[in-house]
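Under full-length UniProt numbering, the first residue of the sequence shown carries the number 1, and numbering increases by one thereafter.
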Amino acid sequence: MKILIVEDEKDLRETLVSSLKKEAYVVEAVADVVSASEKIALYHYDCILLDIMLPDGSGFDLLEQLKSEGKSENVIIISAKDALDDKLKGLSLGADDYLTKPFHIAELNARIKAVLRRKNHDGQNTITTANTILNIEERDFKVNKQSIHLNRKEYDILFYFLQNKNRLITKTALAEYVWGDQIDQADNFDFIYYQIKNLRKKLKQSKAEIDLESIYGVGYKLIEV
1 MKILIVEDEK DLRETLVSSL KKEAYVVEAV ADVVSASEKI ALYHYDCILL
51 DIMLPDGSGF DLLEQLKSEG KSENVIIISA KDALDDKLKG LSLGADDYLT
101 KPFHIAELNA RIKAVLRRKN HDGQNTITTA NTILNIEERD FKVNKQSIHL
151 NRKEYDILFY FLQNKNRLIT KTALAEYVWG DQIDQADNFD FIYYQIKNLR
201 KKLKQSKAEI DLESIYGVGY KLIEV
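This is how it looks when you write it as structure tokens:
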């Protein structure tokens, strides 16, 4: 899952990046409105952690942008301001939660998971497809009730496909989701091919009734078999 942090306080931003990466999220971070605006125009995020008071404007401006573009990113406002008016304004503009600084990382993690459950999975912790179950909070994948070991990238890839069942996923979209903006430095998509190959092998060996179908020259699609 991919998270964007919009926070101008350097120490807090770096702490959030470090902590959330330990939770196996793909994390990107920016310090101002302009950079954040560019990011949300180019990439999809599962969750955005948004400060309101930024050096070149207000986080509310970004909320307005997301709303006007019909973006579905889940937004949690993180602000030092505990004013009721700010909370109401943020929620009215589409924010999903409001967390006042200072806060514990454990609480932030809980809020992120709760928002993702509410918005993406109808409040459920699992995604069930054919004879497979993926537990989002535990990062556990089962086939016929037997756990299958997946490395971090394999899990992220499978999660993305399960969210987009029967939809064509381009190699570019998959790379941006799983590897973040670091993909811009890659010369080719060979690394995606090898991860997909290994994941397919595990699905076949475990007799999963799902597969990743190749769409030649374009990308992949998760199908039931």
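Built from N, CA and C at the ideal position, the CB exists for glycine as well.
- Your pair G219 and L150 does not check out as a contact, with CB atoms roughly 20 Å apart and the cut at 8 Å.
- A distance below 7 Å between beta-carbons, with the five flanking residues on each side excluded, links R152 to the following residues of its chain, in chain order: A24.
- Under the DSSP assignment, S206 falls outside any beta strand (DSSP E); it carries neither an H nor an E label.
- Under the three-state reduction of DSSP output, Y193 falls in the helix class.
- Between H44 and Y177, the C-beta gap is smaller than 8 Å, which places the two residues in contact.
- With 16 or more other Cβ atoms from the protein chains shown falling within 10 Å of its own Cβ, D156 counts as buried.
- DSSP places V225 outside both helix and strand once states are collapsed to three, so it counts as coil.
- The alpha-carbon separation between V33 and L203 amounts to approximately 42 Å.
- Taken in chain order, the whole alpha helix (DSSP H) runs of length 4 or more contained in the stretch 114 to 190 are 152 to 163, 171 to 179.
- When DSSP assignments are scanned along the stretch 78 to 120, the uninterrupted stretches of alpha helix (DSSP H) that are 4 or more residues long and fall wholly within it turn out to be 84 to 92, 105 to 120.
- If you draw a straight line from the Cα of A114 to the Cα of K201, it comes to about 32 Å.
- Counted as a single uninterrupted DSSP element, the alpha helix (DSSP H) harbouring K22 occupies residues 10 to 22.
- One alpha carbon belongs to P55, the other to D8, and they sit about 7 Å apart.
- About 7 Å separates the CB atoms of L222 and N166; that is less than 8 Å, so the two are in contact.
- Membership of E28 in the beta strand (DSSP E) is indicated by the continuous run 26 to 30.
- For V6, the enclosing beta strand (DSSP E) begins and ends at 2 to 6.
- Under the DSSP assignment, I48 falls in the beta strand (DSSP E) whose first and last residues are 47 to 50.
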